[in-house]
Amino acid sequence: MEEKNQAPASKAETLSIKSSPVGLDIGTSRIVIADSPVNSDIRSQMNAFVAVPCSEMAENVLKQRGMVYERNCKNIYVYGNDTDFFASFLDTDARRPMHSGLLNPQEEMSQHIMQRIIQLLVPRAKRNEVLCFSVPGKGEGANGNLVYHEAVLKNFLQSLGYNAKAINEGQAVVFSELQDENFTGIGISFGGGMCNVSVSFMSMPMITFSVPKSGDYIDRNVVEVMGERNSTKVRLFKEENLDLSRQPKDDMTRAMHIFYEDVLQTLIERLRAEFKRSSQLPKVDRPMPIVLAGGTAKPAGFLQKFESMLRAGGEFPIEISDVRMAKDPLTTTANGCYIAAMSESK
Amino acid sequence: MSVDSTLIYSRIVERYAHFFDRPELRLRFLNHTLAQQTASREKVDAALERFEFLKKTRFYEQLLRLWLYHLIFQELGKLLPTASKQRRQILTFKSRTPFTARVIFRCYQYRRAVYPVGLATLAVLLFATYYGVGWSARHVNTYLAQRYRSGQRVVAVVNDQGSVYAQASARHLPGYKPEKVWLVEQKENYERYSNGARILNDFETTNHARGYYVFKQGRELADEGVRHEPVGILYHTSESDMLPFTADNNASIETHTRGLLEYVKKNKSYNYVIDRFGQIYRIVRDEDAANHAGNSLWADSRGVYVGLNESFLGVCFETKTEADEQLTEAQTVSGRLLTQVLRSNYQIDDADCTTHGLVSVNPSNMRICYHHDWTRGFPFEAMGLSDKYQVAPVSVGEFGFTYDDEMVSKIGGALWPGVVAGEEAFNQRAGQSKLKPEELRRQMHTLYREQMEMQRAARATSTNEPEPSSADQKGL
Numbered sequence: 001m002e003e004k005n006q007a008p009a010s011k012a013e014t015l016s017i018k019s020s021p022v023g024l025d026i027g028t029s030r031i032v033i034a035d036s037p038v039n040s041d042i043r044s045q046m047n048a049f050v051a052v053p054c055s056e057m058a059e060n061v062l063k064q065r066g067m068v069y070e071r072n073c074k075n076i077y078v079y080g081n082d083t084d085f086f087a088s089f090l091d092t093d094a095r096r097p098m099h100s101g102l103l104n105p106q107e108e109m110s111q112h113i114m115q116r117i118i119q120l121l122v123p124r125a126k127r128n129e130v131l132c133f134s135v136p137g138k139g140e141g142a143n144g145n146l147v148y149h150e151a152v153l154k155n156f157l158q159s160l161g162y163n164a165k166a167i168n169e170g171q172a173v174v175f176s177e178l179q180d181e182n183f184t185g186i187g188i189s190f191g192g193g194m195c196n197v198s199v200s201f202m203s204m205p206m207i208t209f210s211v212p213k214s215g216d217y218i219d220r221n222v223v224e225v226m227g228e229r230n231s232t233k234v235r236l237f238k239e240e241n242l243d244l245s246r247q248p249k250d251d252m253t254r255a256m257h258i259f260y261e262d263v264l265q266t267l268i269e270r271l272r273a274e275f276k277r278s279s280q281l282p283k284v285d286r287p288m289p290i291v292l293a294g295g296t297a298k299p300a301g302f303l304q305k306f307e308s309m310l311r312a313g314g315e316f317p318i319e320i321s322d323v324r325m326a327k328d329p330l331t332t333t334a335n336g337c338y339i340a341a342m343s344e345s346k
Numbered sequence: 347m348s349v350d351s352t353l354i355y356s357r358i359v360e361r362y363a364h365f366f367d368r369p370e371l372r373l374r375f376l377n378h379t380l381a382q383q384t385a386s387r388e389k390v391d392a393a394l395e396r397f398e399f400l401k402k403t404r405f406y407e408q409l410l411r412l413w414l415y416h417l418i419f420q421e422l423g424k425l426l427p428t429a430s431k432q433r434r435q436i437l438t439f440k441s442r443t444p445f446t447a448r449v450i451f452r453c454y455q456y457r458r459a460v461y462p463v464g465l466a467t468l469a470v471l472l473f474a475t476y477y478g479v480g481w482s483a484r485h486v487n488t489y490l491a492q493r494y495r496s497g498q499r500v501v502a503v504v505n506d507q508g509s510v511y512a513q514a515s516a517r518h519l520p521g522y523k524p525e526k527v528w529l530v531e532q533k534e535n536y537e538r539y540s541n542g543a544r545i546l547n548d549f550e551t552t553n554h555a556r557g558y559y560v561f562k563q564g565r566e567l568a569d570e571g572v573r574h575e576p577v578g579i580l581y582h583t584s585e586s587d588m589l590p591f592t593a594d595n596n597a598s599i600e601t602h603t604r605g606l607l608e609y610v611k612k613n614k615s616y617n618y619v620i621d622r623f624g625q626i627y628r629i630v631r632d633e634d635a636a637n638h639a640g641n642s643l644w645a646d647s648r649g650v651y652v653g654l655n656e657s658f659l660g661v662c663f664e665t666k667t668e669a670d671e672q673l674t675e676a677q678t679v680s681g682r683l684l685t686q687v688l689r690s691n692y693q694i695d696d697a698d699c700t701t702h703g704l705v706s707v708n709p710s711n712m713r714i715c716y717h718h719d720w721t722r723g724f725p726f727e728a729m730g731l732s733d734k735y736q737v738a739p740v741s742v743g744e745f746g747f748t749y750d751d752e753m754v755s756k757i758g759g760a761l762w763p764g765v766v767a768g769e770e771a772f773n774q775r776a777g778q779s780k781l782k783p784e785e786l787r788r789q790m791h792t793l794y795r796e797q798m799e800m801q802r803a804a805r806a807t808s809t810n811e812p813e814p815s816s817a818d819q820k821g822l
């Protein structure tokens, strides 16, 4: 990037100095920060951007609307929460710095844009405060990339003055939702890029893994089978209108049902396989709860669909006490990271 | 660390995790405690690598568990609020924390105070157990004695005047009469008798002359005059130190005996002493009273004797109640010979040959057995006498003296059968008099004190000397 213009002053100055632990959920579609015990203080930015060729007219529009953007000699980059509006305005797809839960190797600007989005949310640390950020679990073909992804983010967060620690995304769900069970149970985060699972016993992750199918997979495939031009429309439909407890009325809904079931089936089969394969798991003397979180778990009827498919597969390797939805599925991971950061703080 | 151990440790830690409402504190507590326990275990395992057998013991696991509790309390100390009010609130009102966890943690908090209290409680418990076992044993003995008393050969005879007197069952030696024994030889320092008895005079001494009354029922006297002749024999133990009775201790045993004889002579304690080699020593002459019986009571068909120093001869065996072998063979033989000599000389009835423990009383609390010598185990039969343990003592049957658990414990945990018969006789008498036993007992105690005073007067008439202290002068 040859030349950089910072975002408008009003927004850039939100970067103050932070003196308390921070929890950061770095997801494929959103980055969420939790830095206080009050849930309403949780903030988030879309982990996406739109690039347009440099023009004075476009820049004026952005300035007038007070949007966050960055410019180099070729392009203007609009990122964060303004992305959706600008993408709709230009009738184009937003670009993602991450893909399938990890830094997107196909996207040249991924690291830079992500740093900019994180900086919108995370102020500099005052005294090497603890910051816990979420990373996906190991999964098909993602192991090498995972190391790179974690290292890049860690370095960047450390450069902001934090004592940065990576937390498995599924484990963060456990920390957030299973306090009463002393952090014993199964946490599943249905994110944009992948599903992350952690089987935790007394706060210790016994099994962690990820499945590279989730919201983006559903969107991509629905777009493909429906012959849509971009996935934004599909995603908005999914987030606002989909009800998995009802029979599908149209082709798009039917397609969504199919791909949701595919995602769930893949995840449940993998979970069964992991339990059978694992010799590390202690003999748990009580039934374990399952907690579901993440944006992909938001549609109505998701919980019932998951539970019915779990029970339909026959006896599960361990006894399940109940399956429940997280209190706020979108902020669960960030909240879990915040709890972990607080517990690590002196 | 095995999977099972993890589970056990987790269960313990989990109970204490409920102290924390805030998730980050709970998470920190769980993580730190379990991580530290794992690290500790790994260290100990490594240190004991060469002693694998130790790891298999239950003690090893228990030790690690104790260590885990230490870690838990350490973490709780760090993470719970420091303000005592908040901490108290958590410990008091946290309903989700198991009660046992709260109690154990409180004990740990106040451990410096709890340790001494715990030790004191333990001491009290041990003492209570000891006392309880002793008490139970005594009561079981008493119960068994009462339960089987119907099978005892107890004879509690009431004479024409209604007084209880000693009556031997004479079952052991039916029709036995002591043969006539006479003095064969008298030298400067010994006497030899026809039955082979040899009495040494080396330590002979005098005391005041005997003088006593024989009481019939109430204050009535058997005869008007003060009597002076010995009427019975009381057997004693010296309760002196006992050396092992072996040949290599000869000199020491004799030295001990000499000390005893000098003491007895000085205090005029007995009329006769029989040492461990069976030698019979006369100390206080027969016609004089020795200070051997103090407050004591006995009765025969003639009447009741109060304060037996005056009326009974005191024969002391050099022995101890708790000794393994109470009498040597020589002492037994000599005791029998001396009994024959004395009975022959003074026409003493078998019924009047008894032991100190069976006649001793304590007027201050009206209980029997102020002294315990020969309350059990005296070989009456070997002495040619009937078993006085089967005879109702007049102190119990006539005067209503009682006993307590402490006394029963001191005499070996069981009363002799005569006491039980005496109690029965006393209660029967109370029934016949249409009095409650306690009322009759009060009356009889008053009578006993009156008789004691009369006996003192008799002695004063006889000797013009005040009576010595009621406590016997035994104490070697």
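From first to last, the protein sequence lines are chains V and Y.
With our numbering, you'll find the first sequence wraps up at 346, consecutive numbering, no jumps.
With our numbering, you'll find the second sequence wraps up at 822, consecutive numbering, no jumps.
Just so it is clear, CB atoms sit at the ideal spot from N, CA and C, and this is done for glycine as well.
From a predicted model like this one, the values you see are computed outputs, not experimental measurements.
Residue j beta carbon less than 8 Å from that of residue i
i, j, result
"V/Val323", "V/Leu303", "yes"
"Y/Asp621", "Y/Glu664", "yes"
"Y/Asn655", "Y/Ala639", "yes"
"V/Ala273", "V/Ser189", "no"
"V/Lys305", "V/Leu244", "yes"
"V/Val32", "V/Thr333", "yes"
"V/Thr83", "V/Phe49", "yes"
"Y/Ile735", "Y/Gly777", "Before going further, note that residue 735 of chain Y is Tyr rather than Ile in the sequence given. Cβ distance not < 8 Å, so Y/Tyr735 and Y/Gly777 don't count as in contact."
"Y/Thr443", "Y/His378", "no"
"Y/Tyr616", "Y/Ala636", "yes"
"V/Ala166", "V/Glu150", "yes"
Interface flag, residue i vs chain Y, CB-CB below 8 Å
i, result
"V/Phe175", "yes"
"V/Ile339", "yes"
"V/Asp25", "no"
"V/Phe89", "no"
"V/Glu3", "Any reading at V/Glu3 is ruled out, since the residue's pLDDT is 39, under 50, leaving its predicted position unreliable."
"V/Asp41", "no"
Residue-level contact to chain V via CB, residue i, 8 Å cutoff
i, result
"Y/Glu388", "no"
"Y/Ser482", "no"
"Y/Pro369", "yes"
"Y/Asn377", "yes"
"Y/Leu373", "yes"
"Y/Glu752", "no"
"Y/Glu360", "yes"
"Y/Ala363", "yes"
"Y/Leu417", "no"
"Y/Leu414", "no"
"Y/Glu755", "Before going on, a small fix: residue 755 of chain Y reads as Ser here, not Glu. Cβ-Cβ to chain V under 8 Å: no for Y/Ser755."
Given residue i as reference, the closest of the options once Cα atoms are compared
i, options, result
"V/Gly139", "V/Gly101, V/Leu264, V/Phe316, V/Ile290", "V/Gly101"
"Y/His717", "Y/Leu786, Y/Leu684, Y/Leu643", "Y/Leu643"
"Y/Asp391", "Y/Leu472, Y/Lys401, Y/Gln383", "Y/Lys401"
"Y/Phe747", "Y/Gly768, Y/Asp733, Y/Leu761, Y/Tyr735", "Y/Gly768"
"V/Glu107", "V/Gln115, V/Arg95, V/Arg116", "V/Arg95"
"V/Asp262", "V/Pro248, V/Ala172, V/Phe316, V/Asn221", "V/Asn221"
"V/Pro317", "V/Ser278, V/Pro105, V/Thr331", "V/Ser278"
"Y/Thr685", "Y/Thr701, Y/Glu671, Y/Asp670", "Y/Thr701"
The ligand NAP heavy atom lying under 7 Å from the CB of residue i
i, result
"Y/Gly653", "Annotation note on the ligand NAP: not contained in the displayed structure, which lists no ligands."
Inter-residue CB distance, residue i and residue j (contact presumed, cutoff 8 Å)
i, j, result
"V/Pro21", "V/Ala341", "4 Å"
"Y/Leu731", "Y/Cys699", "5 Å"
"Y/Arg713", "Y/Asp750", "6 Å"
Just checking, does the region 610-629 of chain Y make contact with the region 669-689 of chain Y on the three C-beta pairs under 8 Å criterion? yes
Is it a yes or a no for the region 82-91 of chain V touching the region 120-129 of chain V, going by three-plus beta-carbon pairs under 8 Å? no
Can we say the region 779-791 of chain Y touches the region 523-539 of chain Y, given the rule of at least three CB pairs closer than 8 Å? no
Three Cβ pairs or more, each shorter than 8 Å: is that satisfied between the region 712-728 of chain Y and the region 751-765 of chain Y? yes
Is the region 254-270 of chain V touching the region 162-174 of chain V, taking contact as three or more C-beta pairs under 8 Å? no
Should the region 197-212 of chain V be regarded as contacting the region 37-48 of chain V, the criterion being three or more beta carbon pairs within less than 8 Å? no
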